[in-house]
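Below: one structure, written as structure tokens.
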């Protein structure tokens, strides 16, 4: 690179004044500054682009940066659709102890690149209900596939029916084992992303099934930690935040799910009364119908209806031993000691489906056990979906926090 | 892939122009007139394309464009410098050989 010093006049005549520096003219100085600015720009662009391709951590950072706008905007940006891979979708069904597991695999259509030689795989449990065709879920899995990750959506008949069963932990394990053997996927590069109740099944699967020790990470978005404390929050319609009770109004969907779970422990007549009470379009039971229910079923009803907030704790205690056993069997708090993978906890602070205090409790338990984990609270999501009309401040603050988590989740891909 | 390749050609053209503007291209190394410009732009296009294809083949499609970026920039800066060095060393070596 040529350096251009100020021009000096070499004059040897002794009568003439001493040599003096001639300053370049203003347009020329401007040109020089512009030239150096262009040089600096070229060097910076070259350094950054080399870092995100040559350095493995840089590759992870680029992948996370490509994925983040898709997560926040709930759509695939042009830069990702243009530079990302074409997506191939395959639907597979595998058996499990609880019945068939429906798997929808979204993967890059291109062959696995030689560096690093294997792809990352993520099993996504999109919560209760059939969310396989939800636009935000499709956007997520397609964006992941475009970024070079094999994303597998899984669901079961129980989940589709807005229910939860501990036996579905085996369904999660079967999904993970299928993904570990999927062409191009590295067996040691598979993690789980569990939304809402999907997080509980992922915890149970990691702690209690043959996939223990296999997983690269466990990510829970808007999940619960203890089904009994969850029920207590529903019953009192308030959250215990740092010792203070704050009013909280739950969404009808988790009420329906909890009613379905508890109903599975009741005789059919009582079960249908409880289920119908929280189903859409069905009127609440009459006083006479309620009076016919067993004390445990009545307690469950009042907890879900939120009509006895002062008696919430007593109503939890009044649940039958069978109900308590089922709620414990569905709680990550029961198996937290057995969790082997690093855990990432994400929660919306104003979540109307699952209180954010559940993730705080999970965080506290993991802290107590000294297990590797990270916990992030957001305000840009509504439960697990991106809110619309967000301000720049919220987007920036939460975007940076989300980027850190997404980067950590991309580490197995580098 | 055709769309991406066209994008990399445009990137190569931009780097070539920037290198010329920053006096890093062939024109600053003694290639006069249009030939200097053409050589710098040509090297920019060629190396951006090679970088993009190589990045895609080795790392995946997502990394094609960043590889095209740094290989293209490196090309338009290093190729003229190497060419000038080669010419200078030949210029010095030739009389000694005679």
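Protein chains in written order, with the working numbering: chain X, 1 to 414; chain F, 415 to 512.
Glycine included, every Cβ here is placed at the ideal spot set by N, Cα and C.
Boundaries (first-last residue) of the beta strand (DSSP E) holding residue i
| i | result |
| --- | --- |
| residue 444/F | Premise fails: residue 444/F is in no beta strand (DSSP E) and is neither H nor E. |
| residue 88/X | 87-94 |
| residue 194/X | 185-195 |
| residue 266/X | From DSSP, residue 266/X is part of no beta strand (DSSP E); its letter is neither H nor E. |
Residue j beta carbon less than 9 angstroms from that of residue i
| i | j | result |
| --- | --- | --- |
| residue 83/X | residue 479/F | yes |
| residue 89/X | residue 105/X | yes |
| residue 461/F | residue 493/F | yes |
| residue 59/X | residue 52/X | yes |
| residue 153/X | residue 137/X | yes |
| residue 171/X | residue 249/X | no |
| residue 265/X | residue 326/X | yes |
| residue 193/X | residue 343/X | no |
| residue 108/X | residue 79/X | no |
| residue 409/X | residue 235/X | no |
| residue 378/X | residue 360/X | no |
| residue 127/X | residue 197/X | yes |
| residue 123/X | residue 202/X | yes |
| residue 168/X | residue 355/X | no |
| residue 415/X | residue 296/X | There is no way to answer for residue 415/X, as the model of chain X reaches only from 1 to 414. |
| residue 224/X | residue 332/X | yes |
| residue 436/F | residue 28/X | no |
| residue 146/X | residue 413/X | no |
| residue 200/X | residue 173/X | no |
| residue 438/F | residue 45/X | no |
| residue 41/X | residue 399/X | no |
| residue 299/X | residue 314/X | yes |
| residue 116/X | residue 183/X | no |
| residue 465/F | residue 422/F | yes |
| residue 125/X | residue 380/X | no |
| residue 352/X | residue 188/X | no |
| residue 491/X | residue 206/X | Lying before the first or after the last residue shown, residue 491/X is absent from chain X, which here runs from 1 to 414. |
| residue 279/X | residue 259/X | yes |
| residue 427/F | residue 458/F | yes |
| residue 63/X | residue 121/X | no |
| residue 74/X | residue 385/X | yes |
| residue 345/X | residue 220/X | yes |
Start and end residues, alpha helix (DSSP H) containing residue i
| i | result |
| --- | --- |
| residue 247/X | Not the alpha helix (DSSP H): residue 247/X falls in the beta strand (DSSP E), residues 244-247. |
| residue 54/X | 26-54 |
| residue 217/X | Residue 217/X -> no alpha helix (DSSP H), and no H or E assigned at all. |
| residue 312/X | 312-317 |
| residue 418/F | 416-435 |
| residue 206/X | 198-208 |
| residue 251/X | Unbroken run through residue 251/X: none, as it is neither H nor E. |
| residue 178/X | 168-180 |
| residue 308/X | Careful: residue 308/X lies outside any alpha helix (DSSP H) and carries neither H nor E. |
| residue 289/X | 287-291 |
Residues that residue i bridges to, as DSSP identifies them
| i | result |
| --- | --- |
| residue 108/X | 87/X |
| residue 156/X | 101/X |
| residue 239/X | 246/X |
| residue 382/X | 385/X |
| residue 221/X | 195/X and 346/X |
Any non-hydrogen atom of the ligand NAD closer than 8 angstroms to residue i Cβ
| i | result |
| --- | --- |
| residue 364/X | Judged by which ligands are present, the structure shown has none, so any question about the ligand NAD falls away. |
Short CB-CB distance (under 9 angstroms) between residue i and chain B
| i | result |
| --- | --- |
| residue 101/X | The structure shown contains no chain B; its protein chains are X and F. |
* Could you give the uninterrupted runs of the alpha helix (DSSP H) lying entirely in the stretch 320-380 of chain X, keeping only those of 4 residues or more? -> 321-329, 332-335 and 356-369, all fully within the stretch 320-380 of chain X.
* To do: Let me know the beta strand (DSSP E) ranges lying completely inside the stretch 110-153 of chain X, each 3 residues or longer, listed in chain order.
  => The stretch 110-153 of chain X contains these whole beta strand (DSSP E) runs: 119-125.
* Listed in chain order, which residues of the stretch 114-140 of chain X have Cβ atoms closer than 7 angstroms to some Cβ of chain F? -> Within the stretch 114-140 of chain X, the residues whose Cβ lies closer than 7 angstroms to any Cβ of chain F are, in chain order, 114 and 115.
* Asked: Which runs of the alpha helix (DSSP H) spanning at least 4 residues fall entirely within the stretch 461-510 of chain F, listed in chain order?
  -> Counting only runs of 4 or more, we get nothing.
* Residues of the stretch 142-154 of chain X with a CB closer than 7 angstroms to any CB of chain F: list them in chain order, please. => Residues 147 and 148.
* Residues of the stretch 430-454 of chain F with Cβ closer than 8 angstroms to any Cβ of chain X, in chain order -> Cβ proximity to chain X below 8 angstroms picks out 432, 433, 435, 436, 437, 438 and 442 from the stretch 430-454 of chain F.
* Determine which residues of the stretch 158-179 of chain X have a Cβ less than 8 angstroms from any Cβ of chain F, and write them out in chain order. => Hits within the stretch: zero.
* Residues from the stretch 75-88 of chain X in contact with chain F, defined by Cβ distance under 8 angstroms -> Answer in chain order: 82, 83, 84 and 85.
* To do: Compile a chain-ordered list of the residues in the stretch 264-288 of chain X whose CB is closer than 9 angstroms to at least one CB of chain F.
  => Contact annotation: in the stretch 264-288 of chain X, no residue has its CB less than 9 angstroms from a CB in chain F.
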